[in-house]
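Data first, discussion second: the structure below is written as structure tokens.
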Amino acid sequence: MANDICILGAGGHAKVVIEIAEQTGYKIAEIFDQNEDVTEVLQYQVNHDLENLSQCKNVFLALGSNQSRKMNAESFSTIKSNLIHPSAIISKNIIIGFANVMMAGSIINSSTKIGNHCIINTGATIDHDCVIEDFVHISPSVALAGNVKVQEGAQVGIGACVKQNINIGKWAIVGAGAVVVNDVPDFTVVIGNPARVVKTLA
Ligand SMILES: CC(C)(COP(=O)(O)OP(=O)(O)OC[C@H]1O[C@@H](n2cnc3c(N)ncnc32)[C@H](O)[C@@H]1OP(=O)(O)O)[C@@H](O)C(=O)NCCC(=O)NCCS
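Here this note's numbering runs 53 ahead of the position in the sequence shown, where the first position is 1.
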């Protein structure tokens with residue numbers, strides 16, 4: 054059926070995704086996870102055979118790790134729409150791709166662009182003219198000012214604030230509660246106020 058959805062992932066992030074799918078009119082057809090230790094999530098049994106995923110028309114990746122979503126996107130993701138919690142406030146003037154989730158209370162303001170496979174988590178606000186590339190995670194209660202660019206695979210940690218006109222590089226991690234007032238280089242971890250690089254990844 055057109056409104057059937059299969060979910061890949063059965064962890065904590067998946068619980069929130071499942072509830073948003075249910076609240077927005079999808080029927081959960083099946084939940085999949087490779088981890089055989091996870092046998093159920095919420096009221097659903099978990100199927101461990103990912104080969105059966107090919108029988109599902111709409112597959113949504115409910116994987117909290119940005120790397121995991123990227124690794125599995127090509128093989129498994131088929132959904133061409135987004136999961137948007139009814140309480141999210143989204144400008145009519147944004148450009149948005151597919152396979153994104155916008156959680157409760159998130160706000161996306163005018164002229165922002167969002168790619169594919171992103172998580173805009175609970176209560177996060179993204180102001181005007183931002184660019185959010187593919188596989189990004191904007192964690193709960195993050196505040197992005199206007200004209201912020203978050204490049205592919207980056208995670209902005211819970212409660213972080215980012216000043217206007219800042220660029221957050223590819224696969225960078227902004228630590229929880231950081232105050233970002235300077236650009237963040239690719240593949241780095243920044244923490245603190247003002248946020249400074251504490252680690253280089255890869
Ligand atoms: C920044 C971060 C990636 C570092 O993770 P890590 O490399 O595993 O670092 P550790 O937890 O080993 O901590 C290393 C040190 O940094 C400190 N630290 C860790 N995160 C910090 C943060 N956000 N701000 C300030 N200090 C931090 C730790 O207290 C520790 O200090 P110490 O060496 O003096 O004891 C992680 O702590 C973080 O903030 N992740 C974001 C989590 C998030 O947003 N989750 C939401 C999911 S929905």
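A virtual CB, placed ideally from N, CA and C, is assigned to each residue, including glycine.
Residues in its own chain within less than 6 Å of V201 by CB, not counting five upstream and five downstream?
For this step, residue 201 is matched to residue 148 along the sequence shown. In chain order, C183, V215, I219 place their CB closer than 6 Å to the CB of V201, counting only its own chain and leaving out the 5 sequence neighbours on each side.
DSSP has I132 in a bridge; who is on the other side?
To locate residue 132, count along the sequence shown from 1; it is residue 79. BP columns for I132 are empty, so no partner.
Under the rule that 16 or more other beta-carbon atoms within 10 Å means buried, what is V251, buried or exposed?
Indexing the sequence shown from 1 puts residue 251 at position 198. Exposed is the call here.
Would you say G228 touches ligand 1, meaning its beta carbon is less than 7 Å from a heavy atom?
If you number the sequence shown from 1, residue 228 lands on position 175. At least one heavy atom of ligand 1 is nearer than 7 Å to the Cβ of G228, so yes.
When the Cα of I160 is compared with those of S192, T241, V70, K110, which residue comes out closest?
On the sequence shown, residue 160 is found 107 positions in, with the first residue counted as 1. Scanning S192, T241, V70, K110 for the CA closest to the CA of I160 turns up S192.
Quick check on the DSSP output: what are the complete alpha helix (DSSP H) runs of length 4 or more inside the stretch 70-137, in order along the chain?
Fully enclosed alpha helix (DSSP H) runs of 4 or longer: 119-129.
Run of the beta strand (DSSP E) containing T175, from where it starts to where it stops:
On the sequence shown, residue 175 is found 122 positions in, with the first residue counted as 1. From DSSP, T175 is part of no beta strand (DSSP E); its letter is neither H nor E.
Please classify E210: is it buried, with 16 or more other beta-carbons within 10 angstroms of its beta-carbon, or exposed?
What you label residue 210 is simply residue 157 of the sequence shown in a count that begins at 1. In the sequence on display, residue 210 carries Gly and not Glu. Answer is buried; the Cβ neighbour count reaches 16.
Is the CB-CB distance between C109 and C171 below 8 Å?
Here residue 109 is taken as the residue at index 56 of the sequence shown, counted from 1. Here residue 171 is taken as the residue at index 118 of the sequence shown, counted from 1. At least 8 Å separates the beta-carbon of C109 from that of C171.
Let me check understanding here. Comparing Cα to Cα, which of A231, V237, T253, L103 lies closest to G245?
As a working note, residue 245 is residue 192 in the sequence shown. Minimum Cα-Cα distance from G245 among the listed residues A231, V237, T253, L103 corresponds to A231.
Kindly identify the DSSP beta-bridge partner or partners of L61.
What you label residue 61 is simply residue 8 of the sequence shown in a count that begins at 1. Partner(s): F85, L114.
Environment of A255 [buried if 16+ CB atoms lie within 10 Å]:
Taking the sequence shown and counting its residues from 1, the one referred to as residue 255 is at position 202. A residue is called buried when at least 16 other Cβ atoms come within 10 angstroms of its Cβ; A255 does not meet this threshold and is exposed.
Which listed residue (T77, A157, N162) has its alpha carbon closest to that of T175
Reading the sequence shown from its first residue, position 122 is the one you call residue 175. The shortest C-alpha separation from T175 is found at A157.
Confirm, please, whether the CB-CB distance from K166 to F151 is below 8 Å.
Stepping through the sequence shown from its first residue, residue 151 is reached at position 98. Stepping through the sequence shown from its first residue, residue 166 is reached at position 113. No. Outside cutoff.
Where the beta strand (DSSP E) containing I244 begins and where it ends:
By one-based count along the sequence shown, residue 244 stands at place 191. 241-244 is the span of the beta strand (DSSP E), which, as asked, contains I244.
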